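Worksheet: one structure, shown below.
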Amino acid sequence: MANKLLHTPDGVRDIYGAECTRKAVIQEKILKVFHLCGYQDIETPTFEFFDIFNESRGSVKAKEMFKFFDRDNHTLVLRPDETPAIARCAAKYFLHEDMPIRLCYMERTFINHSSYQGRLKEASQTGVELIGDGSADSDGEILAMVIWALMSAGLTEIQVELGEVDFFKGLLEEAGMDEEQEERLRELIENKNYFGVEELVNSQPISDELKQVFLKLPELFGSLDQIKAAKELTSNKRALKAIERLEEVNEILSFYELSDYVSYDLGMLSQYQYYTGIIFKAYSYGTGDYIVNGGRYDKLLEQFGKDSPAVGFGISVEELLLALSRQKIKTEIPVTNTMILYEQESREQAILLADHFRSTGLSVQLQSRDGKRSIEDYEAYALRRELTNLLYLDSRGISVTIKNLSLGREDEIPLSEYLK
Numbered sequence: 002m003a004n005k006l007l008h009t010p011d012g013v014r015d016i017y018g019a020e021c022t023r024k025a026v027i028q029e030k031i032l033k034v035f036h037l038c039g040y041q042d043i044e045t046p047t048f049e050f051f052d053i054f055n056e057s058r059g060s061v062k063a064k065e066m067f068k069f070f071d072r073d074n075h076t077l078v079l080r081p082d083e084t085p086a087i088a089r090c091a092a093k094y095f096l097h098e099d100m101p102i103r104l105c106y107m108e109r110t111f112i113n114h115s116s117y118q119g120r121l122k123e124a125s126q127t128g129v130e131l132i133g134d135g136s137a138d139s140d141g142e143i144l145a146m147v148i149w150a151l152m153s154a155g156l157t158e159i160q161v162e163l164g165e166v167d168f169f170k171g172l173l174e175e176a177g178m179d180e181e182q183e184e185r186l187r188e189l190i191e192n193k194n195y196f197g198v199e200e201l202v203n204s205q206p207i208s209d210e211l212k213q214v215f216l217k218l219p220e221l222f223g224s225l226d227q228i229k230a231a232k233e234l235t236s237n238k239r240a241l242k243a244i245e246r247l248e249e250v251n252e253i254l255s256f257y258e259l260s261d262y263v264s265y266d267l268g269m270l271s272q273y274q275y276y277t278g279i280i281f282k283a284y285s286y287g288t289g290d291y292i293v294n295g296g297r298y299d300k301l302l303e304q305f306g307k308d309s310p311a312v313g314f315g316i317s318v319e320e321l322l323l324a325l326s327r328q329k330i331k332t333e334i335p336v337t338n339t340m341i342l343y344e345q346e347s348r349e350q351a352i353l354l355a356d357h358f359r360s361t362g363l364s365v366q367l368q369s370r371d372g373k374r375s376i377e378d379y380e381a382y383a384l385r386r387e388l389t390n391l392l393y394l395d396s397r398g399i400s401v402t403i404k405n406l407s408l409g410r411e412d413e414i415p416l417s418e419y420l421k
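Counting in this note's numbering, the sequence shown runs from 2 upward without gaps.
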């Protein structure tokens with residue numbers, strides 16, 4: 002029973018020490034990018050009413066949410082997705098604002114994944130939402146920020162896959178499929194199951210032209226030229242407009258000198274049904290999953306009472322850290338490598354010495370010596386905590402014995418030399 006008290010449930014984990022510091026440093030680097038682009042911080046509650054995230058809003062499926070009840074018997078959920086939460090906030094606090102609103106966040110999401118999926122159920126997410134601008138310029142800004150944010154973390158090998166859901170939705174409108182068939186086709190296309198798509202499409206009473214587009218859809222990915230070629234496959238106005246939007250976004254990215262990081266995929270779809278325009282995912286090698294997920298959601302805020310376009314993305318911090326680790330990209334983190342050990346009689350001098358180091362930006366641990374423990378005990382402890390220097394003040398407090406534990410070297414310097 003005692004051992005069980007030390008374990009965490011499936012899908013959550015402890016993080017501490019250098020790993021925890023590294024995570025905080027990476028998140029701060031990313032937030033700096035967001036702030037430089039004029040985005041302001043927002044923080045939403047960890048749990049909200051179930052209706053904020055229900056399936057009709059296109060968020061996570063109900064069975065994947067952590068649900069519970071408050072004392073008034075309201076159904077509450079731990080936040081599974083940050084976008085609907087920010088949409089609610091925007092409708093509440095910026096209802097009458099008709100100019101763009103730029104928001105950024107650093108939050109945790111909670112999704113009750115099946116245990117066999119191997120994903121964390123509590124995940125850290127950092128991202129932005131640009132509300133009130135439906136232009137291709139805002140799409141370009143958001144995609145540029147994705148690349149800049151990943152670069153700020155240290156990644157150089159970055160690939161953003163960009164799609165446009167209106168291409169698929171335009172074809173679906175024309176085909177007139179029922180909801181079950183649409184969902185099945187969506188799944189087959191996303192998995193690039195050519196044979197499954199062919200079987201389903203051939204069973205539908207639709208034109209040969211439309212059948213050919215659906216059959217080609219899993220292949221419509223790669224360079225912008227390949228996407229442009231899709232114009233020859235269909236006369237569907239909504240689908241053609243989606244391709245034109247991607248062309249315009251590509252031009253904007255070329256002005257940012259970032260177009261080389263982007264490839265295109267007209268067969269890209271998302272589990273989040275609220276996306277209405279561009280959708281994208283960003284990858285780097287060393288992780289089997291996407292690091293960034295985002296897109297345009299022009300109809301979501303309308304459900305909360307504010308008719309406003311919006312676009313945004315979220316970065317999976319855990320996937321980003323995994324990619325950095327596997328690519329052996331080091332992150333400079335503030336390290337405490339010095340302990341000041343003192344006898345009780347030298348307390349005042351030890352505090353002055355610690356203040357001196359800290360005022361110059363150096364981190365030190367201040368530790369009084371337990372008379373029952375030897376100095377060697379503290380040296381061993383320092384090494385266990387990855388501290389390389391131990392400064393010892395004896396009961397006189399006149400001089401400092403400097404022990405370099407990694408080199409096994411020892412020196413003695415008058416305290417007055419340090420405090421000059």
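Virtual Cβ for every residue (Gly too), placed ideally from N, Cα, C.
No experiment lies behind these values; they were computed from the predicted model shown.
Buried versus exposed call for residue i [16 or more other C-beta atoms within 10 Å across all chains shown]
i           : result
residue 84  : buried
residue 78  : buried
residue 335 : exposed
residue 82  : buried
residue 324 : buried
residue 60  : buried
residue 2   : Here residue 2 scores only 49 on pLDDT, less than 50, and its place in the model should not be relied on; the value that follows carries that caveat. The residue in question, residue 2, is exposed, as its Cβ has fewer than 16 Cβ neighbours within 10 Å.
residue 100 : exposed
residue 13  : exposed
residue 219 : buried
residue 125 : buried
residue 417 : exposed
residue 352 : exposed
residue 414 : exposed
residue 151 : buried
residue 247 : buried
residue 19  : exposed
residue 69  : exposed
residue 64  : exposed
residue 177 : exposed
residue 375 : exposed
residue 186 : buried
residue 6   : exposed
Those residues which DSSP pairs with residue i across a bridge
i           : result
residue 412 : 403
residue 294 : 282, 315
residue 266 : 222
residue 393 : 342, 402
residue 102 : 132
residue 109 : 125
residue 76  : 70
residue 41  : 104
residue 369 : 343
residue 163 : 265, 281
residue 49  : 78
Under 8 Å between C-beta atoms of residue i and residue j
i           : j           : result
residue 284 : residue 357 : no
residue 279 : residue 250 : yes
residue 365 : residue 339 : yes
residue 1   : residue 144 : Given that the chain is displayed from residue 2 to residue 421, the structure contains no residue 1 and the question cannot be resolved.
residue 80  : residue 110 : yes
residue 292 : residue 320 : yes
residue 1   : residue 234 : Nothing in the structure corresponds to residue 1, since the chain is present only between 2 and 421.
residue 392 : residue 406 : no
residue 127 : residue 330 : no
residue 52  : residue 106 : no
residue 91  : residue 238 : no
residue 254 : residue 135 : no
residue 156 : residue 265 : no
residue 1   : residue 305 : The chain is shown from 2 up to 421; residue 1 falls before or after that span and cannot be answered.
residue 394 : residue 337 : no
residue 370 : residue 382 : no
residue 146 : residue 256 : no
residue 281 : residue 129 : no
residue 24  : residue 153 : no
residue 58  : residue 275 : yes
residue 327 : residue 289 : no
residue 133 : residue 87  : no
residue 216 : residue 200 : no
CB contact check: residue i to chain B, cutoff 8 Å
i           : result
residue 342 : The question asks about chain B, but that chain is absent: this structure has only one protein chain.
Expected contact under 8 Å - CB spacing of residue i and residue j to nearest Å
i           : j           : result
residue 104 : residue 17  : No, residue 104 and residue 17 are not in contact; Cβ-Cβ is about 30 Å, not under 8 Å.
residue 341 : residue 367 : 5 Å
residue 311 : residue 32  : No, residue 311 and residue 32 are not in contact; Cβ-Cβ is about 20 Å, not under 8 Å.
residue 175 : residue 211 : 6 Å
residue 172 : residue 183 : Residue 172 to residue 183, Cβ: 10 Å. No contact.
residue 27  : residue 322 : 7 Å
Inter-stretch contact (C-beta, 8 Å, three-pair minimum) for the segment 184-203 and the segment 293-308: No, the segment 184-203 is not in contact with the segment 293-308.
Count Cβ pairs between the segment 155-167 and the segment 233-247 that sit closer than 8 Å; are there 3 or more? yes
Counting pairs of beta carbons, one from the segment 392-401 and one from the segment 342-351, are three or more of them closer than 8 Å? Yes, since at least three Cβ pairs between the segment 392-401 and the segment 342-351 fall closer than 8 Å, the two stretches touch.
When the Cβ atoms of the segment 263-278 are set against those of the segment 175-194, are three or more pairs found closer than 8 Å? yes
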